[in-house]
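See below for the structure under consideration.
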Amino acid sequence: MIRLIRRRLAVALPVLLATSFGMFLLGAASPIDPALQYAGGAVSTASEENLAQIRANWGVDDPLPIQYLRWLTNLIGGDLGWSTSRHQPVGDVIAARAGWTLLLIGLTLLVVLLTSLLLGTIAAYRRGGLLDRGLRAAAYAVESMPVFWLALAAIAVLALALGWFPAGGLTDITATTTTLSDVAHHLALPVTVLAISQAPWFLLFVRDAVAESLLEDHVLAARARGLRGRTVLFGHALRTALLPFLTLIGTHLPELVGGSVLVETVFSLPGLGAVSVQAALGSDFPLLAAITLITTAVVLAANLLTDIAYTAADPRVRVDG
Amino acid sequence: MPTRRLLAAFAATALVLGACSDPSTAERTPTASDPIVLATGGEPDTLNPVLGFGVDGASLIFDGLVSRDGQNNLVPALAAELPAVSTDGRTVTAKLRPGVTFHNGTALTAEDVAFTYRSVLDPKVDSVLRSDLDMLTKVEATDASTVVFTLKYAYAPFLQRLTLGIVPAKALQGQDINKAGFNQKPVGTGPYKVTSWTPGDRLVLAANDTYHGGKPANSGVIVAFVDDDNVRAQRARAGEFDAAELAPKLATTFAGFTVQRVPSADYRGMMLPFGRPVTGDTAIRQALNVAVDRGAMVKGVLGGAGEPAFGPVPPNSPFAEPSVAGNTAADTAEAGQLLDAAGWAPDGDGIRAKGSQRAAFTLMYPAGDSLRKELALAVVADAKKAGIEIKLDGLTWDAIRPRMKADALIMGWGTPYDPDFISYKLFGSQFAGEASYNPGHYNSPVADKALQDGRDHADEATRKQAYATFQKQLATDVPWVFLTYLQHTYVVRNGITGVTPRVEAHEHGVENSLWWNVHTWTKR
Amino acid sequence: MDKRDVTPAAVIGLAVAACLLVPVIWPLDQSAVALDNISQAPSLTDPGGTDDLGRDVLHRSLYGLRVSLLVGVVAALVATVLGGLIGGVAGLLGGWTDRILMRVIDTIAALPHLLLGIFIVAMLRPSLGAVVLSVALTHWLSTARIVRGELLSLRTRPFIDAAITGGASRARILTRHLLPHVLPKIALATTLMVPHAVWHETALSFLGLGLPPHLASLGNMINDGQRSLLTGAWWASIVPGLVIVTVTLAIAALAARWRDRLDPRVRAELEL
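Protein chains in written order, with my numbering: chain B, 255 to 575; chain Z, 16 to 539; chain C, 55 to 326.
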């Protein structure tokens, strides 16, 4: 297992480094002047000397390799830089928001996994039945809907027309403390929308995997021994299908992150996705680069964890490190 | 076993989510002591006045030496009375109101005032206000309650610049002001103290019970920052806010709320660069000025919340020159005559040309601003009818800036406080091409002299005369095609009392909006 | 042709025809507005209704589809070339090169596509080229995997051995024996990528990071339509949304059945 971790890191670290270098080059090649970004809305009242002064205070006139090394060493040392669009240390911006994004993604993953396991298994058991056909048709239809379009529809119907859920935000605006029920009420709609948009892939996978394993020898044997249908289904077929499913969660995380960016934007949730869109609109390189790199590192780590869990759960499997 | 536990957790979550859908919060009747909830898209970058927060006063957290009343007239705030200007106009002396304390309990002294202004002038501080105060040579605290400002030249509207919020020197001395924690959690003298600021979400303010202007009528203010116009409107309709600024077309009456349309000095117009073959031609500029249908823009783009604009001095200002106003509808025939006379002849494809030069140019707009995008589209359609082809380009500001000397741009500005503000730099030839003051290189000796006269003279009648000349000159040269003045549109919950709309500036958000006097608001 | 292919094929045919013909028979002035005809509900004369600047929603949706499909197809092609080259190198050389390349691809797959796309567009400024590049650079991995897998399995097949012992040149083996087997799979992968590329483009536009907002693109229109949704003009966002859903669904359905035919072991069983 240590070998697995070591081999993974041997590839992941250079890729991360290369990504950071590519991002830095792109940022340096971009025609964006950080001093103007800093001046922001007041740019029209700031004079040229004023801007030159801001530029000098910032050290943006140093040679590129020096700027890159400074950025990288600072990054590794935990100093993520200064966000030009938020006028705050990047670390503070991320720290204040990462939790909400993790909560959104975590809850969504939980909902997606439970519903897709349950529905996928039932659909596989009654292959070709009404539920199976209906679910698959719905899954393909949902797969071709942009998640932001689903989110708008959900807001229009469930929040504005029916008034069942708040239309956005994380807590009731007058709330002085963050209470669980308040957050749950506000997150219900975004989590549901994100879950619906991500579920088809998982649902179809479970359905196909369980359907296949229902035809495997040991499952057929269990049936032949006269075990009850439900026992065979959940005790044998699902278990066979479950392990490969676990590792696939990791590979699907990037999609989930992308979906959360859109959902956070539509529901004005104060998470990392929404702030990275604002950073992009404000050409805020330090913040955008830090969010992208950190998210990538987290996803890579999550992938590694699912693989480790997989090898631990099933010693027969050797994940090729 | 683990599966069962997971299922239980899921069921519990479902219960929580289900239980929360009961709308008890929406039906709660607010009491007078409840905080007032405001919503705006204009989140400040910083809460430090030195770096640009609440420059024009009404910043809720800070006070300037002076502030403005409901008619935008200057009244003393931290100054005991309006500061005295010497006869040569170059020395301004302010006496402080006694007994004022900052939120942290320390007393306000003249040193704090001097520190605030000195910090703005300090080149190490990334203050974008410095160029507004370039007439200032030094600020001195001559005693604990007296501040003396010394100016390089007489500057008629200097007192209007004293609305800048005063910060406590002790809290910032010796620090890098650009990155001080103060910028997020400042200490001021204003009616509200900062409880917390979650950027991108909300600013929570608590009433300052020892406010020198009297204890606020409510227990606090919460400002929700919702950047997106549509999301803000969605949440306003869900009843989350007591008052919210909404885009004009979205500010419609819904249950329990009233629309407030507040007149402003906030104009939108098309800047046309000089020195270019098409936009530099006076006939083209004059033709565009009469070809645009300002009435249709007010109705179709602003949903009626605005009025036609013909110059940078708003019609509600005492300095407005009535003769510059023109036809609110498009006059394509007159545009045609102007173009014909200048030799721009109709061509086969409906676009005019003069020799080999087609009457075509590029118009930029900031891509994130849907109002300017829509005005730009309306201008393009109107110009086409007059035989002028405009190509649109929606860009980010950093892409727009280097192109401003070459391409037209939908710009917005305006302040009701003094005609010298903004216009002096926007239309003065000494600022031609510099930053984005006068990007189009407008150069008119007449306008220059008029702007200078308006600045140098303290006498009201002389100034009026100067600005009348200035406005007429602009109407002839048309460096900008002014399109509309906006009315800022808000929705306010019924039962809120104390709302006093006053003419607003282009720049408004937490500060200087409909809620400039929110400390007197109550909610029933 | 299977009769179940008829509907999706017809939808795609219509979409492609619309993209090619609409500019000819019904050209759109991208900057035209009709401020006296705003937010009109769909009617017989105006089947898509008008948006809040009086522009014909259906007409603009068809133009938006054109932009989206163009971005989708070009980005998918660029991604295919990139993926084909890298997958080809891995599959042909095998050994250590292959192992390292595949490991790198697995790692790159963990990069969050949309965030990277946002980063690229933000730094290069929103434009058609930046959108195509951001989509292409994040979507080539599946093609690389498919090409590499096919080549590796082909290498062990007897007819390749026969060709090698028969003294065929490397180039000949590649063009005559390997490419004909790999090309259909590549074409399928490219087709499957198009809907993804379309969603990517619309998402970036929706976030304000795609095409300039006055141009008709499906993402821009849904973004604009968000406001109309609040003023009761639901059609301004529903119509462009339906266009995306219908066309991408048809492409996905057709591609899925095509895959079934190429590889009957895996049955996607998508029926419309």
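Beta carbons are placed, not taken as given, at the ideal position from N, Cα and C, and that holds for glycine.
In this text the structure is predicted, and so the values were computed from the model without any measurement.
Host alpha helix (DSSP H) of residue i (start-end)
i              : result
D355 (chain Z) : 347-356
W288 (chain C) : No alpha helix (DSSP H) holds W288 (chain C); DSSP gives it neither H nor E.
Y544 (chain Z) : The question about residue 544 (chain Z) has no answer here: the residues shown for chain Z are numbered 16 through 539.
I415 (chain Z) : 412-415
Q275 (chain Z) : That residue, Q275 (chain Z), is in no alpha helix (DSSP H); its beta strand (DSSP E) goes 272-286.
V375 (chain B) : Rather than Val, the amino acid found at residue 375 (chain B) in this sequence is Thr. Run containing T375 (chain B): 344-379, per the alpha helix (DSSP H) assignment.
I330 (chain B) : 318-330
G203 (chain C) : 195-209
Nearest residue (CA-CA) to residue i, options the options
i              : options                        : result
S385 (chain Z) : C:R281, C:I305, C:G295         : C:R281
L261 (chain C) : B:G504, B:S530, B:L492         : B:S530
M312 (chain Z) : Z:T537, Z:P98, Z:Y500, Z:T491  : Z:Y500
A194 (chain C) : C:A257, C:F173, C:A163, C:H231 : Strictly speaking, residue 194 (chain C) in this sequence is Trp, with Ala absent from that position. Of the candidates C:A257, C:F173, C:A163, C:H231, the one whose C-alpha sits nearest the C-alpha of W194 (chain C) is C:A163.
Q467 (chain Z) : Z:I437, Z:W495, Z:G448         : Z:I437
D71 (chain Z)  : Z:L187, Z:N527, Z:K538, Z:D362 : Z:N527
A538 (chain Z) : Z:V154, Z:V507, Z:S332         : Sequence inspection shows Lys at residue 538 (chain Z); the Ala mentioned does not correspond to that position. The candidate whose alpha carbon is nearest that of K538 (chain Z) is Z:V507.
G203 (chain C) : C:L232, C:M177, C:N277         : C:L232
A251 (chain C) : C:V175, C:R153, C:G145, C:T192 : C:T192
T165 (chain Z) : Z:V65, Z:D355, Z:K153          : Z:K153
P113 (chain Z) : Z:L80, Z:R105, Z:T273          : Z:L80
L182 (chain C) : Z:N119, Z:G409, Z:T178         : Z:G409
Contacts around residue i, its chain only, beta-carbon distance under 8 Å, and the 5 residues preceding and following it disregarded
i              : result
D56 (chain C)  : R311
L316 (chain C) : P238, K239, L242
V339 (chain Z) : F325, G326, Q486, K487, L489, A490
T40 (chain Z)  : Only weak support exists for where T40 (chain Z) lies, its pLDDT of 40 falling under 50; the value from the coordinates is given anyway. Cβ neighbours of T40 (chain Z) beyond the five flanking positions: none.
W412 (chain Z) : P381
A86 (chain C)  : R109
L414 (chain B) : A421
Nonlocal neighbours in the same chain, by C-beta distance under 6 Å from residue i, ignoring five residues either side
i              : result
R252 (chain Z) : F269
A335 (chain Z) : V328
D127 (chain Z) : I181, P183, A184
Y117 (chain C) : L82, A270
G294 (chain B) : Confidence at G294 (chain B) is low in this model, with a pLDDT of 49, below 50, so the placement of that residue should be treated as unreliable; the coordinate-derived value is given next. Nothing meets the Cβ criterion.
E519 (chain Z) : V277, S279, H503
G587 (chain B) : Examination of residue 587 (chain B) is not possible in this model, given that chain B is present from 255 through 575 alone.
S93 (chain C)  : D106, A287
L554 (chain B) : A266
Own chain, CB closer than 7 Å to residue i, minus 5 neighbours either side, in chain order
i              : result
V186 (chain C) : V125, V128, A129, V132
R217 (chain Z) : I237, V238, A239, F240
L406 (chain B) : V520
D110 (chain C) : D100, G102, T104
V437 (chain B) : L424, T425
L136 (chain Z) : R145, L148, L151
T515 (chain Z) : G85, N532
Start-to-end residues for the beta strand (DSSP E) that takes in residue i
i              : result
L218 (chain Z) : 217-222
E397 (chain B) : No beta strand (DSSP E) contains E397 (chain B), which is instead part of the alpha helix (DSSP H) from 384-397.
Residue i Cβ short of 6 Å to the ligand ADP heavy atom set
i              : result
F213 (chain C) : Of ligands this structure carries none, so the ligand ADP is not represented either.
Which whole runs of the alpha helix (DSSP H) in the stretch 127-190 of chain C are 4 residues long or more, in chain order?
Those alpha helix (DSSP H) runs which fall completely within the stretch 127-190 of chain C and span 4+ residues are 149-163, 167-178.
Decide if the stretch 473-482 of chain Z is in contact with the stretch 265-284 of chain Z; the criterion is three or more beta carbon pairs, one per stretch, under 8 Å apart.
In short, these stretches do not touch, since the Cβ pair count stays below three.
What are the uninterrupted segments assigned as beta strand (DSSP E) that are 3 or more residues long and contained completely in the stretch 182-215 of chain Z, given in chain order?
List check, beta strand (DSSP E) in window: 207-213.
Which residue spans inside the stretch 256-282 of chain B form an unbroken alpha helix (DSSP H) run of at least 4?
Runs of the alpha helix (DSSP H) lying entirely within the stretch 256-282 of chain B and spanning at least 4 residues: none are present.
Please confirm if the stretch 213-229 of chain Z is in contact with the stretch 62-74 of chain C, defined as three or more CB-CB distances below 8 Å between the two stretches.
Verdict: no, contact absent.
Please give me, in chain order, every unbroken run of the beta strand (DSSP E) with length at least 3 that falls completely inside the stretch 498-549 of chain B.
Scanning the stretch 498-549 of chain B for uninterrupted beta strand (DSSP E) segments of 3 residues or longer gives nothing; none is fully contained.
Any contact between the stretch 395-402 of chain Z and the stretch 342-359 of chain Z? By contact I mean 3 or more CB pairs, one from each, below 8 Å.
Note that the stretch 395-402 of chain Z touches the stretch 342-359 of chain Z; at least 3 beta-carbon pairs, one per stretch, sit closer than 8 Å.
Is the stretch 467-483 of chain B in contact with the stretch 525-544 of chain B, if contact means three or more CB pairs nearer than 8 Å?
Too few Cβ pairs lie closer than 8 Å, so no.
Inter-stretch contact at 8 Å, needing at least 3 Cβ pairs: the stretch 443-461 of chain B / the stretch 369-388 of chain B
At 8 Å Cβ cutoff, the stretches touch.
Between the stretch 287-295 of chain Z and the stretch 443-461 of chain Z, can you find at least three pairs of beta-carbon atoms closer than 8 Å?
The count of Cβ pairs closer than 8 Å, one atom from the stretch 443-461 of chain Z and one from the stretch 287-295 of chain Z, reaches three, so the stretches are in contact.
Ordered list of beta strand (DSSP E) runs contained in the stretch 74-121 of chain Z, each at least 3 residues:
Taking only runs of at least 3 residues, the beta strand (DSSP E) segments lying wholly in the stretch 74-121 of chain Z are 81-83, 89-91, 106-110.
Which runs of the alpha helix (DSSP H) at least 4 residues long sit entirely within the stretch 236-291 of chain C? Give them in chain order.
Those alpha helix (DSSP H) runs which fall completely within the stretch 236-291 of chain C and span 4+ residues are 272-284.
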